[in-house]
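Engineer: Counting in full-length UniProt numbering, the sequence shown runs from 1 upward without gaps. C-beta atoms are modelled at their ideal positions from N, C-alpha and C, and glycine is treated no differently. I am attaching a structure below and will ask some questions about it afterwards.
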Amino acid sequence: MYSFIAFNKRAVLDTPESPGVYLFSDLNKKFHYVGKAINLKNRLYSYTLKTLGEKTKSLISETSYFSFIKVNSEVEALLLEAKLIRIFNTKYNSALKDDKHPLYIIITNDKYPQVLTARKKDISENIIYYGPFPSSSNVKTVLAMIRKIFPFAQHKLGKNACLYYQLGLCNPCPNKIEFMDNAKLKQIYFGRYRKNITYVKKFLAGNFKSIKNQLTKEMVRVSDNQQFEMATELRDKLKSIDYITQNITEANEFIKNPNLIEDIRASELAELETILKKYLPNITKL
């Protein structure tokens with residue numbers, strides 16, 4: 001499934017300059033480190049320099065092979081990295097950090113679920129969690145990205161709407177919903193909040209197609225009901241998701257096929273060749 005390439009400077013220099021995830025493995029081809037990079041070639045080359053720290057030197061001393069998976073974007077790389085660390089339980093992803101406990105994103109089981117960060121040791125049973133994320137900056141990047149599209153709370157119930165409600169990042173705010181007098185309106189906003197949490201779960205699981213399909217169906221439904229303000233809001237969410245996930249592929253697809261990007265490109269070239277041959281019968285292989 002994975003290509004195991006002997007780790008040396010020459011092999012690293014043949015690595016593509018594209019976003020992706022790389023995996024280091026020992027003589028027995030057991031993965032012990034997963035990393036992400038905006039530029040795979042540059043990142044991997046940095047491991048061949050003589051200015052490495054002691055922990056990184058230890059990692060490289062045990063590394064015999066490397067593998068890599070090209071992706072389309074930094075978002076893909078970030079989510080795929082977290083999933084692979086969890087799958088392979090790579091020892092050096094903890095060892096290289098000063099804090100030995102990487103962060104996870106958790107979703108609580110409350111009436112109004114909160115989206116929070118936690119260390120593994122603090123995660124209780126039967127709670128939904130995603131990660132581990134190797135750095136807190138990665139977690140902040142992911143949560144900030146999601147919260148602008150699907151607002152959520154990070155606080156327990158109180159009497160007043162929180163500051164983030166005013167910023168549109170906790171909207172509808174559980175505090176505001178809970179103390180509504182109109183029962184029907186209260187149920188509507190409660191449903192909206194829970195739906196936001198469903199979308200957050202789908203985003204963190206990398207189910208972007210499902211999000212787009214559901215948002216599109218909702219937009220059509222509310223438009224048919226002449227709820228044009230809601231339709232505009234859903235349209236804006238779709239645009240934001242499209243912008244973040246343009247050309248994005250779900251993490252599980254890369255896990256099933258680490259050469260997915262190459263296969264997609266080959267398929268696109270073959271399709272183009274078929275089209276061109278109708279007009280240029282003597283065309284050589286692209």
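(1) What did DSSP end up calling L204 once you bin it into helix, strand or coil?
(2) Pick from P174, I69 and S58: whose alpha carbon is nearest that of I188?
(3) Pick from G131, N171, T117 and V75: whose alpha carbon is nearest that of residue 297?
(4) Measure the C-alpha to C-alpha separation of D242 and S137 and round it to an integer number of angstroms.
(5) If we ignore side chains and look at the alpha-carbon of each, how far apart do N8 and T48 end up?
(6) Between T63, L59 and S3, which has its C-alpha nearest S25's C-alpha?
(7) Residue ranges of each beta strand (DSSP E) run of no fewer than 3 residues wholly in the region 98-138, ordered along the chain?
(8) Buried or exposed for D98, going by 16 or more other Cβ atoms inside 10 Å?
(9) For L169 versus R192, is the C-beta distance shorter than 8 Å?
(10) Under a Cβ-count criterion, where at least 16 other Cβ atoms within 10 Å of its own Cβ denotes burial, should I38 be classed as buried or exposed?
(11) Give the DSSP-derived three-state secondary structure of S61 in the structure shown.
(12) CB V142 to CB L78, shorter than 8 Å?
(13) With a threshold of 16 other CB atoms inside 10 Å of the CB of L163, please say whether the residue is buried or exposed.
Structural biologist: The answer reads as follows:
(1) By 1-based counting over the sequence shown, the position of residue 204 is 204. Helix, per DSSP.
(2) The residue you call residue 188 lines up with position 188 of the sequence shown. For the residues P174, I69 and S58, the minimum Cα distance to I188 belongs to P174.
(3) The chain is shown from 1 up to 286; residue 297 falls before or after that span and cannot be answered.
(4) The count along the sequence shown starts at 1 and reaches residue 242 at position 242. The count along the sequence shown starts at 1 and reaches residue 137 at position 137. Each residue's Cα considered, the two are about 23 Å apart.
(5) By one-based count along the sequence shown, residue 8 stands at place 8. By one-based count along the sequence shown, residue 48 stands at place 48. The alpha-carbon atoms of N8 and T48 are separated by roughly 7 Å.
(6) Position 25 of the sequence shown, counted from the start, is the residue given in the question as residue 25. Comparing Cα positions, the closest option is T63.
(7) 103-107, 115-119 and 128-133
(8) The residue you call residue 98 lines up with position 98 of the sequence shown. Legend: pLDDT at D98 = 48, less than 50; position of this residue unreliable, value from coordinates given subsequently. Burial call: exposed.
(9) Walking along the sequence shown from the start, residue 169 turns up at place 169. Walking along the sequence shown from the start, residue 192 turns up at place 192. No, these two residues do not count as a Cβ contact at 8 Å.
(10) As a first step, residue 38 is located in the sequence shown; it is residue number 38 there, counting from the start. The residue is exposed, with fewer than 16 neighbouring Cβ atoms inside 10 Å.
(11) Residue numbering aside, residue 61 sits at position 61 when the sequence shown is read from its first letter. The answer is helix: DSSP assigns S61 an H, G or I state.
(12) For the purposes of this step, residue 142 is taken as the residue at position 142 of the sequence shown. For the purposes of this step, residue 78 is taken as the residue at position 78 of the sequence shown. Going by C-beta atoms, V142 is nearer than 8 Å to L78.
(13) Here residue 163 corresponds to residue number 163 of the sequence shown, with the count starting at 1. The residue in question, L163, is exposed, as its Cβ has fewer than 16 Cβ neighbours within 10 Å.
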